[in-house]
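A.B. asks: The listed protein sequences correspond, in order, to chains A and B.
Note that our numbering numbers the first sequence so that position 20 is 20, with each residue one more than the last.
Note that our numbering numbers the second sequence so that position 43 is 155, with each residue one more than the last.
Each residue gets a CB set at the ideal place from its N, CA and C atoms; glycine is no exception.
Sharing a structure, written as structure tokens. Questions coming.
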Amino acid sequence: TQLLEQSPQFLSIQEGENLTVYCNSSSVFSSLQWYRQEPGEGPVLLVTVVTGGEVKKLKRLTFQFGDARKDSSLHITAAQPGDTGLYLCAGADSSNTGKLIFGQGTTLQVKP
Amino acid sequence: GAVVSQHPSRVICKSGTSVKIECRSLDFQATTMFWYRQFPKQSLMLMATSNEGSKATYEQGVEKDKFLINHASLTLSTLTVTSAHPEDSSFYICSADIAYQETQYFGPGTRLLVL
């Protein structure tokens, strides 16, 4: 069974601080997605990484896919209150059913 | 592109009634849609995979007679919560994937409250 361990599960920081969220697995994923979800809404796709070692940037967010495609990280620079939300990593299930394996999620609160 | 809608966004019903939730892909065709359930501040829990023109595949522990799924067209899947009870109260989210992509696009979710 493929599992994604996401950490930390909760993070409360001050505006302007940096943070990193990790997603780790013992399994290889062909691709990995990061989503952000606000209360009462559906998850919104931030990025998809598919190549081992790949780094993608989205303004102050930097996403990295591990060389072995077993882990990924999300780094936010100079966090702002608007970054507050639930961050989810998800990997494509190897059974080729289209299913995603989700991490436990990281609830981020950025205080002004 | 890749917009998924859900209807209704919120529903309150009495215990014992059935509730139908619709999931539509607005600007693409989705052969596969997924239904999730989410509790507060937790990750998404996959309930079932809905394939157009065939029976849905349910995850372990999800009652198929309780949560009826119909995927009648390439743009519409429905989830019916039959004989709803208070413990069925939750946030239900659907998603759709585009053929050959390993990315799902999510609907805005439906908040169900069973009294």
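#1: For the region 132 to 154 of chain B, which residues have a CB atom closer than 8 Å to at least one CB atom of chain D, in sequence order?
#2: By a C-beta neighbour count over all protein chains shown, 10 Å radius and 16 as the cutoff for buried, is Arg149 of chain B buried or exposed?
#3: Between the C-alpha atoms of Pro120 of chain B and Ile133 of chain B, what's the straight-line distance to the nearest angstrom?
#4: So, Ala196 of chain B versus Phe179 of chain B, is the Cβ gap smaller than 8 Å?
#5: Look at the alpha carbon of Gly42 of chain A and the alpha carbon of Gly221 of chain B, and state the distance between them as a whole number of angstroms.
#6: Going by beta-carbon coordinates alone, are Gln6 of chain A and Cys23 of chain A separated by less than 8 Å?
#7: Which residues of chain B have a Cβ atom closer than 9 Å to the Cβ of Glu15 of chain A, listed in chain order?
#8: List, in chain order, every chain B residue whose beta-carbon is nearer than 8 Å to that of Leu74 of chain A.
#9: Check whether the region 91 to 103 of chain A touches the region 20 to 35 of chain A, counting contact only when three or more Cβ pairs, one atom from each stretch, lie closer than 8 Å.
#10: When the Cβ atoms of the region 155 to 175 of chain B are set against those of the region 128 to 144 of chain B, are three or more pairs found closer than 8 Å?
#11: Counting only the same chain and skipping the five closest in sequence on each side, list residues whose C-beta sits under 6 Å from that of Thr107 of chain A.
#12: Look at the Cβ atom of Gln216 of chain B, then the Cβ atom of Ser207 of chain B, and state whether they are nearer than 8 Å.
#13: Got a sec? Which residues, its chain only, sit under 8 Å from Ala68 of chain A by beta carbon, not counting five neighbours each side?
#14: Let's test the definition: count the other Cβ atoms within 10 Å of the Cβ of Ser72 of chain A and tell me whether it reaches 16, buried, or not, exposed.
C.D. replies: Concretely, from the data shown:
#1: The structure shown contains no chain D; its protein chains are A and B.
#2: So Arg149 of chain B counts as buried.
#3: Cα to Cα, the separation comes out at about 6 Å.
#4: No, these two residues do not count as a Cβ contact at 8 Å.
#5: Distance between Gly42 of chain A and Gly221 of chain B, taken at the CA atoms: about 5 Å.
#6: The answer is yes: Cβ separation under 8 Å.
#7: Near Glu15 of chain A there are no residues of chain B at all, since even the closest Cβ is about 22 Å away, more than 9 Å.
#8: Residues of chain B passing the Cβ test: none, with the nearest at roughly 15 Å.
#9: In short, these stretches touch, since the Cβ pair count reaches three.
#10: Yes: at least three Cβ pairs fall under 8 Å.
#11: Closer than 6 Å at the Cβ level, and outside the excluded window around Thr107 of chain A, lie Phe10 and Leu86.
#12: For Gln216 of chain B and Ser207 of chain B, yes; Cβs fall inside 8 Å.
#13: Cβ neighbours of Ala68 of chain A beyond the five flanking positions: Val28 and Gly52.
#14: Classification of Ser72 of chain A: buried, given that the 10 Å Cβ count is 16 or more.
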